[in-house]
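A.B. asks: For the sequence shown, UniProt numbering assigns the number 260 to the last residue and increments by one with no breaks.
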Amino acid sequence: MGDAGKTTNNDWLRRSLMTLVHGGADRASNHTSFVVDQLGFAIVAGEYPPETMIPLDPDLCEMFGVSRTVVREAKKTLIAKGLIQSKAKVGTQVRPADGWNMFDQDVMRWHASVKNPTRYYEELFEIRMIFEPAAAAQAAGRVNQIDCDGLFSLCDALEKAESRADFALADYEFHKQVLRLSGNRFLQSLGDLVQTALYSLFMSESVATFPERRKTVVDRHRTVAAAIASGAPIEAQEAMRRVINDGYRNALSDKAAPAS
1 MGDAGKTTNN DWLRRSLMTL VHGGADRASN HTSFVVDQLG FAIVAGEYPP
51 ETMIPLDPDL CEMFGVSRTV VREAKKTLIA KGLIQSKAKV GTQVRPADGW
101 NMFDQDVMRW HASVKNPTRY YEELFEIRMI FEPAAAAQAA GRVNQIDCDG
151 LFSLCDALEK AESRADFALA DYEFHKQVLR LSGNRFLQSL GDLVQTALYS
201 LFMSESVATF PERRKTVVDR HRTVAAAIAS GAPIEAQEAM RRVINDGYRN
251 ALSDKAAPAS
């Protein structure tokens with residue numbers, strides 16, 4: 001992925017994190033994006049169950065205060081994401097969940113935002129456990145000194161991050177760099193999934209417990225970097241497994257904890 005793609009992804013993650021930090025966003029200036037976000041989340045949250053109809057266009061226009069053109073464009077976007085389908089003389093119906101595009105950034109973000117996303121975390125954990133440890137092992141046999149320096153620099157960025165948002169961005173860059181160093185283009189293309197996974201974990205992370213966990217997270221990432229730099233694929237693979245497992249366990253423990 002080129003620099004332009006990297007910038008776009010980072011901007012997406014930063015905007016998402018800033019929205020969370022500041023307690024939610026105002027109505028988006030892009031009305032189509034606003035409608036997509038509201039309807040998409042409502043569908044994922046179960047407000048419109050599979051095989052039910054969403055409101056008619058005039059009702060959606062009134063609901064969101066937008067034009068029919070905006071509603072039509074929003075529906076096209078949701079159709080492309082696999083959430084809905086339009087049927088002639090019937091209307092627009094919500095598709096079964098197994099037909100949704102789970103690699104879509106918005107679909108993953110909506111899942112992470114629902115009240116009890118336990119199953120989502122489980123599935124995310126399973127898929128990351130399949131490809132990220134393998135990427136770390138691959139990277140251990142391919143890196144040079146410059147690559148290793150870059151990984152350790154990202155660990156330094158994690159340690160020095162002044163906010164949780166900056167920490168999450170550095171974390172994402174580290175994981176994406178490991179995917180890149182694997183040398184496998186298919187693994188590299190999964191960077192967006194990791195990005196949204198880390199956004200999800202950021203959302204679940206308790207503000208109170210974050211400082212306590214921070215050092216452990218940094219140390220775990222340094223262990224991954226050290227194993228890759230040493231050309232030790234098995235150690236790199238196991239170290240990455242620990243990183244992912246810790247994040248998954250923390251996400252579930254925070255979700256299960258009573259609200260303060």
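For every residue, glycine included, the Cβ atom is placed at its ideal position computed from N, Cα and C.
Keep in mind that this is a model prediction, so the values were computed, not measured.
Between which two residues does the beta strand (DSSP E) holding residue 91 run?
C.D. replies: Where residue 91 is concerned, the enclosing beta strand (DSSP E) stretches over 91–94.
A.B. asks: Report the partner residues of residue 53 according to the DSSP bridge assignment.
C.D. replies: DSSP lists 93 as partners of residue 53.
A.B. asks: When DSSP builds the beta bridges, which residues end up paired with residue 215?
C.D. replies: In DSSP, residue 215 forms no bridge with anything.
A.B. asks: CA-CA distance, residue 67 and residue 93?
C.D. replies: C-alpha separation (whole angstroms): 20 angstroms.
A.B. asks: With distances taken from CA atoms, which of 30, 44, 79 is nearest residue 65?
C.D. replies: Minimum Cα distance to residue 65 is reached at 30.
A.B. asks: Given a cut-off of 7 angstroms on the beta-carbon distance, is the pair residue 272 and residue 244 in contact?
C.D. replies: Here the chain covers residues 1 to 260 and nothing more, so residue 272 does not appear.
A.B. asks: Applying the 10 Å Cβ sphere with the 16-neighbour rule, what's the burial state of residue 191?
C.D. replies: Answer is buried; the Cβ neighbour count reaches 16.
A.B. asks: Under 8 angstroms Cβ to Cβ from residue 171, same chain only, skipping five residues before and after it: list those, please.
C.D. replies: 158, 198, 217, 221, listed in sequence order.
A.B. asks: Quick one: give me the first and last residue of the beta strand (DSSP E) that residue 86 is part of.
C.D. replies: Residue 86 -> beta strand (DSSP E) spans 84–87.
A.B. asks: Looking at the structure shown, is residue 141 part of a helix, part of a strand, or coil, going by DSSP?
C.D. replies: If DSSP states are grouped into helix, strand and coil, residue 141 belongs with coil.
A.B. asks: If the criterion is Cβ atoms closer than 7 angstroms, does the pair residue 138 and residue 189 meet it?
C.D. replies: Going by C-beta atoms, residue 138 is not nearer than 7 angstroms to residue 189.
A.B. asks: Using DSSP with H/G/I as helix, E/B as strand and the rest coil, what is residue 121?
C.D. replies: In this structure, residue 121 counts as helix in the three-state DSSP scheme.
A.B. asks: Would you report the Cα separation of residue 51 and residue 95, rounded to the nearest angstrom?
C.D. replies: Their Cα atoms are separated by approximately 6 angstroms.
A.B. asks: Taking C-beta to C-beta, are residue 36 and residue 74 nearer than 7 angstroms?
C.D. replies: The answer is yes: Cβ separation under 7 angstroms.
A.B. asks: At the level of alpha carbons, what is the spacing between residue 226 and residue 116?
C.D. replies: Taking the straight line from one Cα to the other gives about 36 angstroms.
A.B. asks: From this set, 88, 90, 100, which residue's C-alpha is nearest residue 80's C-alpha?
C.D. replies: Answer by Cα proximity: 100.
A.B. asks: Just tell me which of 91, 113, 119, 89 has its CA closest to the CA of residue 40.
C.D. replies: Nearest of 91, 113, 119, 89 to residue 40, Cα basis: 113.
A.B. asks: Specify the secondary structure class of residue 102 as computed by DSSP and reduced to three states.
C.D. replies: Three-state DSSP puts residue 102 in coil, outside helix and strand.
A.B. asks: What three-state label does DSSP hand residue 248 in the structure shown?
C.D. replies: Residue state, collapsed to three classes: helix.
A.B. asks: Tell me which residues share the same chain as residue 148 and place their Cβ nearer than 6 angstroms to its Cβ, disregarding the 5 neighbours each side in the sequence.
C.D. replies: Here the set comprises 229.
A.B. asks: May I have the straight-line CA-CA distance separating residue 262 from residue 150, to the nearest angstrom?
C.D. replies: The shown model of the chain, from 1 to 260, leaves out residue 262, and the question about it has no answer.
A.B. asks: If you measure between the beta carbons of residue 237 and residue 136, is that distance less than 7 angstroms?
C.D. replies: Yes, the pair counts as a contact, with Cβ atoms nearer than the cut-off.
A.B. asks: Within a Cβ cutoff of 6 angstroms, which residues of the same chain sit near residue 262, ignoring the five residues on either side of it in sequence?
C.D. replies: With the chain represented from 1 up to 260, any question about residue 262 goes unanswered, as that position is not in the structure.
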